[in-house]
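For reference, the structure discussed in these notes is given below.
Residue numbers (the working numbering), protein chains in the order written: chain A, 329 to 444; chain B, 115 to 228.
Encoded structure:
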């Protein structure tokens with residue numbers, strides 16, 4: 329079974345600085361998708377960024393980018409120019425390919441605190 | 115991507131009672147997912163609900179405790195039955211918009227059992 333591990337229970341960053349959240353996963357599949365979700369205190373799960381395993385190019389979305397290392401099974405999220413609104417719980421998630429509507433497997437989450 | 119309306123947003127319930135959570139989607143979707151998020155924890159999948167068939171439950175979750183209905187392609191309910199304080203969690207529904215778009219979540223139901 330696939331597993332997703334986030335080894336940083338909590339991280340903090342100063343406003344305007346850069347922070348990187350770590351995620352590793354274990355799978356025997358070659359085709360899959362990876363996601364980062366943000367969950368602020370409102371509880372709403374918000375998709376931050378997604379990566380297809382077959383794409384070597386790292387995904388970027390404005391201030392958010394990933395470092396996808398397929399051989400190492402690593403998928404870290406970099407947040408640049410951190411803002412107070414970035415404070416939230418961040419979850420890394422895995423979806424097996426070929427099952428576009430299959431279930432997501434989530435990591436344990438990382439609480440990000442942004443200091444003004 | 116789909117928009118989900120989840121109700122209620124929160125509730126405080128007496129032990130031994132049941133609560134039904136509703137999710138309404140603004141478009142037709144094949145599969146809906148129900149998650150539980152215990153305080154400070156990650157999301158755990160309870161079951162997958164397909165329209166017109168029995169829900170598929172994950173290990174550790176049973177239909178008698180978490181009955182699910184899926185009467186059409188835009189609506190589903192999850193009932194938490196015979197509640198105990200251990201059921202106090204956030205419950206979220208989710209739909210897949212396809213891997214290309216990620217998955218959309220409802221706003222969650224914060225359940226407290228006293």
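Here a beta-carbon is modelled for each residue, glycine too, at the ideal position from N, C-alpha and C. Everything numeric in this text was worked out from a predicted model, so none of it was measured.
For chain A, the residues of the segment 143–175 of chain B that bring a beta carbon within less than 7 Å of one of its beta carbons are 144, 145, 147, 156, 157, 159, 162, in chain order. Within the same chain, and ignoring the five residues on either side of residue 424 of chain A in sequence, the residues whose Cβ sits closer than 6 Å to its Cβ are 357, 360, 430. Under DSSP, residue 380 of chain A forms a beta bridge with A/361. Taking a contact as a CB-CB distance under 8 Å, the pair residue 163 of chain B and residue 182 of chain B counts as one, their CB atoms being some 5 Å apart. Per the coordinates, the alpha-carbon of residue 178 of chain B lies some 45 Å from the alpha-carbon of residue 390 of chain A.
DSSP places residue 199 of chain B within a helical segment (H, G or I) once states are collapsed to three.
Look at the beta carbons and you see the segment 404–424 of chain A touching the segment 341–354 of chain A: at least three pairs across the two are nearer than 8 Å.
Residue pairing by DSSP places residue 391 of chain A opposite no residue, since no beta bridge is assigned to it. For the C-beta of residue 206 of chain B, the chain A residues within less than 8 Å are, from N- to C-terminus, 371, 373. According to DSSP, residue 351 of chain A shares a beta bridge with no other residue. At least one beta carbon of chain A lies nearer than 9 Å to the beta carbon of residue 210 of chain B.
Within chain B, 155, 156 have C-beta atoms less than 8 Å from the C-beta of residue 437 of chain A, given in sequence order. Cα atoms of residue 188 of chain B and residue 444 of chain A: separation of roughly 42 Å, rounded to the nearest angstrom. Taking residue 186 of chain B as reference, the option from B/128, B/137, B/123 with the minimal CA-CA separation is B/137. For residue 191 of chain B, the closest C-alpha among the options B/130, B/198, B/152, B/208 is that of B/208.
Under the Cβ criterion of 9 Å, residue 188 of chain B is not counted among the residues facing chain A.
For the segment 371–399 of chain A, the beta-carbon criterion of a distance under 7 Å to any beta-carbon of chain B is satisfied by 371, 372, 373, 375, 378. A Cβ-Cβ distance of about 6 Å is found for the pair residue 217 of chain B and residue 432 of chain A, placing them in contact under the 8 Å criterion. Not a single CB atom of chain B sits nearer than 9 Å to the CB of residue 349 of chain A. Annotation: Cβ neighbours of residue 216 of chain B in chain A (cutoff 7 Å, chain order): 363, 375, 378.
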